[in-house]
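Before any comments, here is the structure.
Number of protein chains: 2
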Amino acid sequence: MSQLTGNLLVGQSGGPTAVINASVCGVVQEAFKHSCIQGIYGGMNGILGMLNEEIFDFRKEDPASIEGLKFTPAAGLGTCRYKLDFKKKAEKAAKDMDRLFEVFKAHNIRYFFYAGGNDSQDSSHKIHLESVKRGWEMRVIGVPKTIDNDLPHTDHTPGYGSVIKYVSATVMEVGFDVGSMATDDGSCCIIEVMGRSAGWIAAGAALAQRGNPDNPPQIILLPEIPFEREKFIEKVKSVVARNKYCIVVCGEGIRYPDGREVGADYTKLDDFGHPALAGASTKLKEIIEKDMNLKTRTVLLGYAQRAAAHYGSATDAEESHACGVAATKAAVSGISGQMVKIVRTGSKPYKWTTGLQPLEDIANVEHFLPKDWIAADGFGVTERFIEYAAPLIEGQTKVPEVSGLPGYVTLAKHKLAKVLPPR
Amino acid sequence: MSQLTGNLLVGQSGGPTAVINASVCGVVQEAFKHSCIQGIYGGMNGILGMLNEEIFDFRKEDPASIEGLKFTPAAGLGTCRYKLDFKKKAEKAAKDMDRLFEVFKAHNIRYFFYAGGNDSQDSSHKIHLESVKRGWEMRVIGVPKTIDNDLPHTDHTPGYGSVIKYVSATVMEVGFDVGSMATDDGSCCIIEVMGRSAGWIAAGAALAQRGNPDNPPQIILLPEIPFEREKFIEKVKSVVARNKYCIVVCGEGIRYPDGREVGADYTKLDDFGHPALAGASTKLKEIIEKDMNLKTRTVLLGYAQRAAAHYGSATDAEESHACGVAATKAAVSGISGQMVKIVRTGSKPYKWTTGLQPLEDIANVEHFLPKDWIAADGFGVTERFIEYAAPLIEGQTKVPEVSGLPGYVTLAKHKLAKVLPPR
C-alpha cells in the first residue's frame, strides 16, 4: 500500500465514558510519530460538528493537555447523538453524506477515526463505503467505546472496565453502609445502573461480592431475564431473612415477561426510537414497599457512573489508549473499514492485545451476556462471568489532585478557519 | 481528678459516614496507651445493641483491622437510629436507661464514648446526667459525626469533608459529561444530595466550580431558601442560554414557600417524626420538562455519597481520628459530659485543633448555613463559604486496593459473654 499523505480527523460519538479520551489521546499521540500525517484535527461534537466545519487543531494544543486526556472523563472533543439514518431519513442522510465529503475534501482529510458504540461504528462503516464509492482515498478506522460492553467481536469495550470498577466499589460501600444499619426491621437498597438491553454493567456489580454470595449485591436484575414480581419478592424475603438487609442492583432496562420495560416511559422516544427510562429503581422500591412493607431506598447513579474517572480502571485506561494507537497504526499501514478490537490472549495472568474486525461485522449488532454466564435462578452471574470481568477492573488510574479535586484537562480547541459556506 | 480504672465502651449511632470508623479507631488506639483502661469494648448497633448486651472485645481484634478503620466507611461496629425519647416515650426511655446502667455496671464501664450527630449527642448528654445522678462514676464524651455538618460549636463535623469532596468530584464529572454532549437542544441534569433541613452538602458542591461561575453546578438549591418554581425556571433558562446545558444540585429537603418539602412524602414518618423523602430531583425533572420541554436527567446519590471512602478527604479522615484520640485523652484526664469539637486556628494555610464543648450546648441544636454565605439570588454560595469549605476536601485518603476494589476491613467482633438476663 502506498503512503497516503494528508490530514487526520478524529471524532467522538454517543454517550461519553471515563476513558474515551484516552483513545483519542492514543490516536493523536501516535499520529505525531508519522510524517505522512500532516494536520491532526479534532471534530467537535462528532459528525454534528464536522457537518458545520467545527474542527480544531491538535498541533496547537499543549502536549500536557493531550497527555491529560488519559485520565479525563467525558468527551473532550464534544460528542453527539447524530445518526446518518439512511433507513428512516434517507434524503437527509444523503445530504449529510455529501456535506461530510465536502468537508473532508476542503480539509484534505485522509485519515478518519470515530470513537463510539454501535451507532457510531455504523456511521464509520457508511463513511468508509462512501469513500470507496466516491474515490476519495481516506482510511476509516472505528475505535470502540461504550460502557455498555455490547459491541460484538471485541473481548470487551473500552469504558466497561471503569464503569464496573466504580459501580462495584459503590455497591460495596452502600453494602457496608446499609449492612451496618441493619437491625431486625430489615432494609433494602436498590442501585440502578445503566444498560438498556444488555446487562453487562449490572452483571459487573457482582465483583463487589468478592467471592461471597452473602456480600452485596445479593440480587442482580438483568435486562436479559424477564422480571417476575412474585419471584423477585420471594428472593428479597429470603435475602433479608438471612442477612437482615438486601442490596439489589438493577439494569435500567429490565422488562416484564410481556416485554414492557419496568421503568420505561413509552410516551417519550429519543432520536433512535428508544423510550426514555424514568426509573426501574423507583418502581422496584414501590413494589417492595407495597408487597413487603420493607423500608427501601434507591441510588440512581445515572451519568455519574460513566464519568467517574476519579476511580477509573488503570487496565481500562491503558487498553483504551492502546486502541487509539492501534487505530492510527492500522490506518498508516494502509488499512481502512475496520474497527480496533481487544483480544484476550491469556488468563491468570490476564493478557491482551489489539486486533481488527471489519466494520460491517460490528455495525448495529448488539452483544448480549451469554446465557451460561447468568446464574440459574436469574438473580446473578456465574463464576465464568467473574473470571471474565475481574481483570478489567485491576489498578486505579492516577489522576493528579488540584485543590482536593481531580485535575482534569480541558482542551484549548484552536479552531480551523471555515472554508465552506454554511450548510 | 483521681485516676479511674475500668472498662471502655464505644458505640456508633445514626447514619454512617466515610470516616466515622476513623474516630472509633482514634478512641481505641489511644485507649491502648492508658493502663487505667482495662477492657476496650465496642457496642454493636449503638445503644440498641448495648441494651441487648451485644458487646465485643477490641483487644481481640487484629491491630491491622483497627488501623484499617481509618479508611473503611460505614459503621464498623454497627449503628442504630434508637432514641432515649423522654418526651414522647418517657416510660420506655426510663426503662432503657435503667437497663443501660445495668449493662454498664455488669461490665464495669467507666469510659463511654458515643459517635454521632444531634440525636446521639442528646443521648450522650442524658447518659452523662444519669451517671452523675446515679453516682456511677463514668466519663462520657461525645464524638462528633455527621455528613450533614449541622452540629453547633464545632467548626465542622467529621464526615462533612469527605461527602463534599465526593459530591464535588461527581458534579465536576457529570458536568464534563453533560457539557460534552451539549448541543443546541440544551439539556439539564439534577443531582440530588442529602440534607433535610441544612444545605451544607448542597453548598459544598460549589467547590466543583473551582472559581468559575460558568462551571457546574450552575444552580444550587438549598433547603434554607424557599423554592419558587418561576424563579427557578427563569434561572435554568438563563444558564442554558449561556452554556447550552445546566447542572443543578439540590438538597433533598428543599421546600416551597408554604413549608411543604418539594420531594417529601408526608404519609411516611420515621422514628424521629421526620417525613420520608421520595425525591426532590424527580419532582424538579418533572417541573423542568413541563415548563421548558428541556431534556432532563437525574442522579440520586443516596447512601453512596456518605459511604464513598474510595474518594475520602485525607483532611477529614485525619480530623476524625484526632477527635477519637481527643475523646479518650479528655476522659482519662477526668473530663465528662463534653463533646469533642474541631476548632479552626488558621486559614491559608488551614490549621485546626480539637477542643471540648459541654454536651448540653450541642444536643438537638441544628446549625444552619449562615445567611451571608448564601448568594444574593439564593442559587449558590458566596466566597466566604468557599474559603470555609475548600480546606476540608484537601488530600485523598489512601485505601489499599485488593483485586481492583477498596480493601476495606471488617472487624472480627469477638463477643463478650452476656451476664445479664435478656431484657
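In the order they appear, the protein sequences are chains A and B.
Counting in the working numbering, the first sequence runs from 23 upward without gaps.
Counting in the working numbering, the second sequence runs from 23 upward without gaps.
All C-beta atoms, glycine included, are put in the ideal place defined by N, C-alpha and C.
Are residue i and residue j touching if we call contact CB-CB under 8 Å?
i         : j         : result
Lys-167/B : Ser-335/B : no
Val-321/A : Lys-305/A : no
Val-387/A : Pro-174/A : yes
Val-41/A  : Glu-75/A  : no
Ile-69/B  : Ala-411/B : no
Ala-385/B : Asp-207/B : no
Met-314/A : Val-258/A : yes
Tyr-333/B : Val-200/A : no
Ala-96/B  : Ala-339/B : no
Ile-88/A  : Gln-60/A  : no
Ala-228/A : Phe-401/A : no
Thr-337/B : Gly-417/B : yes
Arg-277/A : Phe-249/A : yes
Near residue i, which residues of its chain fall below 6 Å by C-beta distance, leaving aside the five closest residues on each side in sequence?
i         : result
Arg-218/A : Gly-275
Asn-43/A  : Leu-91, Thr-94, Gly-98
Gly-197/B : Pro-238, Ile-269
Using DSSP bridges, identify the partner residues of residue i.
i         : result
Pro-238/A : Partner(s): none; Pro-238/A has no beta bridge.
Pro-166/A : Gly-138/A
Arg-161/B : Tyr-133/B
Gln-418/B : Ser-335/B
Thr-376/B : Ile-364/B
Lys-437/B : Phe-78/B
Ser-209/A : Tyr-267/A
Which residue from the options puts its Cα closest to that of residue i?
i         : options                                    : result
Ile-223/A : Ile-255/A, Asp-236/A, Cys-272/A, Gln-240/A : Cys-272/A
Ala-439/A : Tyr-372/A, Glu-423/A, Glu-52/A, Phe-78/A   : Phe-78/A
Val-354/B : Glu-423/B, Met-160/B, Glu-311/B            : Met-160/B
Pro-380/A : Gln-34/A, Lys-148/A, Gly-71/A, Cys-211/A   : Lys-148/A
Gly-183/A : Val-431/B, Glu-214/B, Ser-425/B            : Ser-425/B
Asn-214/A : Thr-39/A, Ile-241/A, Gly-201/A             : What sits at residue 214/A in the sequence shown is Glu, not Asn. Comparing Cα positions, the closest option is Ile-241/A.
Trp-395/A : Ile-247/A, Val-185/A, Asp-199/A            : Ile-247/A
Asn-234/B : Val-403/B, Lys-55/B, Asp-120/B, Ile-62/B   : Val-403/B
Arg-156/A : Ile-163/A, Leu-122/A, Gly-138/A, Asp-141/A : Leu-122/A
Ser-146/B : Trp-158/B, Arg-132/B, Val-165/B, His-343/B : Val-165/B
Gly-64/B  : Phe-134/B, Glu-52/B, Ala-191/B, Lys-110/B  : Phe-134/B
Ser-369/B : Asp-399/B, Glu-409/B, Ile-212/B, Ser-153/B : Glu-409/B
Gly-100/B : Arg-132/B, Asn-67/B, Leu-151/B, Lys-317/B  : Asn-67/B
Lys-373/B : Gly-36/B, Pro-413/B, Asp-383/B             : Pro-413/B
If you draw a straight line from the C-alpha of residue i to the C-alpha of residue j, how long is it?
i         : j         : result
Thr-375/B : Leu-73/B  : 34 Å
His-436/B : Ala-86/B  : 16 Å
Met-216/B : Leu-427/B : 25 Å
Ala-352/B : Gly-359/B : 10 Å
Cys-345/A : Tyr-288/B : 53 Å
Tyr-136/B : Thr-350/B : 11 Å
Gly-226/B : Glu-423/A : 17 Å
Val-362/B : Ile-415/B : 21 Å
His-389/B : Asp-177/B : 10 Å
Pro-38/B  : Gly-71/A  : 46 Å
Arg-445/B : Glu-113/B : 15 Å
Gln-34/A  : Asp-170/A : 16 Å
Pro-371/B : His-296/A : 52 Å
Gly-281/A : Lys-110/B : 50 Å
Glu-341/B : Pro-180/B : 7 Å
Ala-291/B : Gly-429/A : The question names Ala, but residue 291/B is Leu in the sequence shown. Near 42 Å, if we compare the C-alpha coordinates of Gly-429/A and Leu-291/B.
Val-421/B : Thr-192/B : 19 Å
Ser-190/B : Ser-303/A : 24 Å
Asp-399/B : Ile-255/B : 13 Å
Arg-447/B : Thr-318/A : In the structure displayed, chain B extends from 23 to 445; residue 447/B sits before or after that span and is not available.
Less than 8 Å between C-beta atoms, sequence neighbours within five positions excluded: which residues of the same chain meet that for residue i?
i         : result
Ala-203/B : In the sequence on display, residue 203/B carries Met and not Ala. These residues qualify, in order along the chain: Ser-209, Tyr-267.
Ala-205/A : It is Thr, not Ala, that sits at residue 205/A in the sequence shown. Only Lys-266 meet the Cβ criterion.
Asp-118/B : Ile-69, Leu-73, Leu-106
By Cβ distance, which residues of its chain are closer than 7 Å to residue i, with the 5 residues on each side in sequence left out?
i         : result
Asn-130/B : Gly-28, Asn-29
Glu-83/A  : Leu-433, Ala-434
Met-58/A  : In the sequence under discussion, the amino acid at residue 58/A is Cys, which differs from the Met named in the question. Hits under 7 Å: Gln-25, Leu-26, Thr-27, Val-354.
Gly-377/B : Lys-363, Val-365
Ala-397/A : Val-403, Thr-404
Pro-443/B : none
Leu-391/A : Ala-220, Gly-221, Trp-222, Ala-225, Leu-244, Glu-246
Cβ-based contacts, 7 Å cut-off: residues of the region 204-217 of chain B near chain C: In the displayed structure, chain C is absent; the protein chains listed are A and B.
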